[in-house]
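Residue numbering for the sequence shown follows the working numbering, beginning at 7 and increasing consecutively.
We put the beta carbon where it would ideally sit given N, CA and C, even for glycine.
The block underneath contains the structure these notes are about, expressed in C-alpha cells.
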Amino acid sequence: MKVVQLGCGICGLVCAEHLAGNRKIDTLELADARLEGAQALADRLKNDKVSVRKIDGTKENELTKLLRGKDIVVATMPWRLNRLAMEVAARTGVDYVDFGMPFDSTGPDFDRYSEICRSAGISALVGMGEEPGISDILAMHGAGKLDRADEAHIYDGDTATVDGLEFFSSWSPVDLLDETSVPAAVFRNGKIEFIPPLSGRAVYEFPDPVGRLPVYKTNHDETYFMPLGIKTLKHASFNISIDDGFAGAATTFRKWGLLSKEPVDVRGTKIVPLHVVAALLPRPESFSAKIKGDTCFVVEILGEKNGQKTKVKLWTMMSHKDAFALCGTNAGAYLVGTGGAVATDMLIDGEVTKKGIVIPEELNVESFLRRLKEKAVAIREQISPA
C-alpha cells in the first residue's frame, strides 16, 4: 500500500506518525511546500518506508505526478486547497481522506464531487479529523443509545496558554481565521439556517478541569453531516470556545476586510489579506513544547428513551502536556491527526467499501471507537434525564 500525506502541518504530522506504524503501508511519502516538519518527523522515526518530498499543493501538474501510482492520499492542507487534491485523486484513481470537507456545505458541489469520485471508483472520506470526525462518531454512538434523537450539539473547549503569546491558534491559523469570517450554519427545525459570524455566543460548562468558557457558533461540517446520519434530528449546532479578545479582534479584522480571501493590489503586488493576518500568527509547531492547559470536546444528544426525555453526553479530554509526551504536539492536533489516521486505517483494512464521498456517520462506529482507544483517546459517557 502506497500512501501520500499531503500537507505536513501540526495535525498532518500526527496522522503521518500513526500511519508510519501501519504494517500494511509499504511507502509513506510526506509532501509539503515546507519540509522542516516532515523532515524532522522522518529523521525521528528512522523508518525506511517514510520519505519526504517538496511540492506545491496548488499546482495540478505537481499533484498529478505525486499521486500517480499511489493508493491513498491523506490531504491535510487548509481545507479550501483540498478540492484540487480530490479532483486529482479522482483522475488518478487514488482513494482520498481529509480532516474537513473542501466545500462550504453539503450542497451542489458536494453532490457533484461525490459523483466524480463515484464514477472514478474511489472512496473520498471527508471530515475525518477531530471535529468533524471523532465528534460525528460520538454523535452517532450517542444517538444509538436513544429511541429517538431530536438534538445534537457539539462544544469544543480549550484552556491553552503560551507564555509570551496573547493571540495564537493551536491548529491552522488560516483555517481558524477563515472560520470566524463567514456566517455560521445552524440546523433548526429540520433545516439549515445561517447567523452572522461570531454572533451566537454562549457560556458552556465543560467537564473539569476545563470549566466555563465562552463558545461561538461557527460554520462546521458536523452541522451538515449529523442530520444526514441521524435522520430524526430537528436541531444541531457546533460551538467552539474562542477567547472574547480574539473574537473581538477577528470581528474588527473582518469589518476592515482583513479576513477577505480576495486578492488586493498593494503597490503592484496581489496579496490576499487573510493570508497576511494568518502569517502574522505563530505557526503552532513553534510552541508545542510550551503550550499549557487542556482540550476537551463534548457531544450532547437529546431525545427520548423509554418515553422519557433523555440526554446522552459524551466527551474526551486531553492535556497539552500529555499530547506532547505522546507525539511532540498539542492536544487538539493529536486528536485531529488521530481521527484521520483511524479513518485511513479503516480504509486500508477494507472497512470502507462505498465509492464517492463518505462522511464519518457512514463509518462503523464501534470499530472507530475501538481504534481510538488503542491510540490513547479515551471517551467518557453519561446518560441522564434531559
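Starting from PHE3, trace the beta strand (DSSP E) in both directions and tell me its first and last residue. This structure leaves residue 3 out entirely; the chain is present only between 7 and 392.
Once you ignore the five residues that flank THR112 on each side, which residues in its own chain have a CB closer than 6 Å to its CB? Start at 1 with the first residue of the sequence shown, and residue 112 comes out as number 106. Within the same chain, THR112 has close Cβ partners TYR230.
Can you tell me which of LEU36, GLU136, VAL103, VAL364 puts its alpha carbon nearest to the alpha carbon of THR322? Translated into positions along the sequence shown, residue 322 becomes position 316. Comparing Cα-Cα distances from THR322 to each of LEU36, GLU136, VAL103, VAL364, the minimum goes to GLU136.
Per DSSP, what are the beta-bridge partners of LEU90 in this structure? Reading the sequence shown from its first residue, position 84 is the one you call residue 90. LEU90 pairs with nothing; no bridge assigned.
One question on the structure: do LEU369 and ALA349 come within less than 8 Å of each other, judged by their Cβ atoms? As a position in the sequence shown, residue 369 is number 363, starting the count at 1. As a position in the sequence shown, residue 349 is number 343, starting the count at 1. Going by C-beta atoms, LEU369 is nearer than 8 Å to ALA349.
Contact check, VAL278 vs PRO269 under 8 Å by CB: the rounded distance? The residue labelled residue 278 in the question sits at position 272 within the sequence shown. The residue labelled residue 269 in the question sits at position 263 within the sequence shown. At roughly 5 Å, the Cβ-Cβ gap stays under 8 Å, so VAL278 and PRO269 are in contact.
Excluding the 5 residues preceding and the 5 following ASP77 in the sequence, name in chain order all residues of the same chain whose CB lies nearer than 8 Å to its CB. Here residue 77 refers to the residue found at position 71 of the sequence shown. MET7, LYS8, VAL9, VAL100, ASP101, listed in sequence order.
Going by DSSP, what residues sit across from LYS311 in a beta bridge? Here residue 311 corresponds to residue number 305 of the sequence shown, with the count starting at 1. LYS311 pairs with GLN314.
Where TRP85 sits in the DSSP three-state scheme: As a working note, residue 85 is residue 79 in the sequence shown. The answer is helix: DSSP assigns TRP85 an H, G or I state.
Count the other C-beta atoms from every protein chain shown that fall within 10 angstroms of the C-beta of SER175, then say buried if there are 16 or more, exposed otherwise. On the sequence shown, residue 175 is found 169 positions in, with the first residue counted as 1. Result: buried.
Exposed unless 16 or more other CB atoms sit within 10 angstroms - verdict on THR335: Locating residue 335 in the sequence shown gives position 329, counting from the first residue. Looking at its Cβ environment, which holds 16 or more other Cβ atoms inside 10 Å, THR335 is buried.
Rounded separation between ILE140 and VAL79 - CA only: One-based indexing of the sequence shown puts residue 140 at position 134. One-based indexing of the sequence shown puts residue 79 at position 73. Spanning the two alpha carbons is a distance of roughly 20 Å.
Same chain, Cβ closer than 6 Å to LEU51, five either side skipped, listed in chain order: By 1-based counting over the sequence shown, the position of residue 51 is 45. So the qualifying residues of the chain are ALA26.
According to DSSP, is GLU211 part of a helix, a strand, or is it coil? In the sequence shown, the residue the question calls residue 211 occupies position 205. Residue state, collapsed to three classes: strand.
Quick check on LEU286: buried or exposed, where buried means 16 or more other Cβ atoms within 10 Å of its Cβ? Taking the sequence shown and counting its residues from 1, one reaches residue 286 at position 280. Burial call: exposed.
Would DSSP call CYS14 helix, strand or coil? To locate residue 14, count along the sequence shown from 1; it is residue 8. Coil, per DSSP.
Does the beta-carbon of LEU398 have 16 or more other beta-carbons within 10 angstroms, so that it is buried, or is it exposed? A query on residue 398 cannot be resolved here, the shown segment of the chain reaching from 7 to 392 and no further.
Quick one: complete beta strand (DSSP E) runs, 3+ long, within the region 230-315? 241-247, 270-272, 275-277, 300-311
Report all residues from its chain with a CB closer than 6 Å to the CB of MET107; omit the five preceding and five following residues, and keep chain order. Residue numbering aside, residue 107 sits at position 101 when the sequence shown is read from its first letter. Same-chain partners within the cutoff: VAL132, GLY133, ASP227.
With respect to the beta strand (DSSP E) encompassing ARG59, which residues constitute its N-terminal and C-terminal limits? Position 53 of the sequence shown, counting from 1, holds the residue named residue 59. First-last of the beta strand (DSSP E) with ARG59: 56-60.
Mind reading off the beta-carbon distance from THR156 to GLY15? Whole number of angstroms is fine, and I expect it under 8 Å. As a working mapping, residue 156 is identified with position 150 in the sequence shown. As a working mapping, residue 15 is identified with position 9 in the sequence shown. A quick correction: the sequence has Asp, not Thr, at residue 156. At roughly 37 Å, the Cβ-Cβ gap does not stay under 8 Å, so ASP156 and GLY15 are not in contact.
State the Cα-Cα distance for the pair LYS71 and THR33, rounded to the nearest angstrom. Along the sequence shown, one-based indexing puts residue 71 at 65. Along the sequence shown, one-based indexing puts residue 33 at 27. Rounded to the nearest angstrom, the two C-alpha atoms are 16 Å apart.
Among LYS223, LYS311, VAL103, ASP300, which residue has its Cα nearest to the Cα of GLY148? Along the sequence shown, read from residue 1 onward, the residue named residue 148 stands at position 142. Among LYS223, LYS311, VAL103, ASP300, the Cα nearest to that of GLY148 is on LYS311.
Sequence ranges, alpha helix (DSSP H) only - wholly within the region 117-199, length at least 4: 140-149, 179-186
Three-state secondary structure (DSSP) at GLY362? Along the sequence shown, one-based indexing puts residue 362 at 356. Looking at GLY362 - three-state DSSP - the assignment turns out to be strand.
Per DSSP, cross-strand counterpart(s) of LEU36: Translated into the one-based positions of the sequence shown, residue 36 becomes position 30. DSSP lists GLN11, VAL58 as partners of LEU36.
DSSP puts LYS52 in a beta bridge; with which residues? Along the sequence shown, read from residue 1 onward, the residue named residue 52 stands at position 46. Answer is none; LYS52 lacks a bridge partner.
How many Å lie between LYS60 and ASN67 at the Cα? Mapped onto the sequence shown, residue 60 falls at position 54. Mapped onto the sequence shown, residue 67 falls at position 61. Looking at the two C-alpha atoms, the distance is approximately 14 Å.
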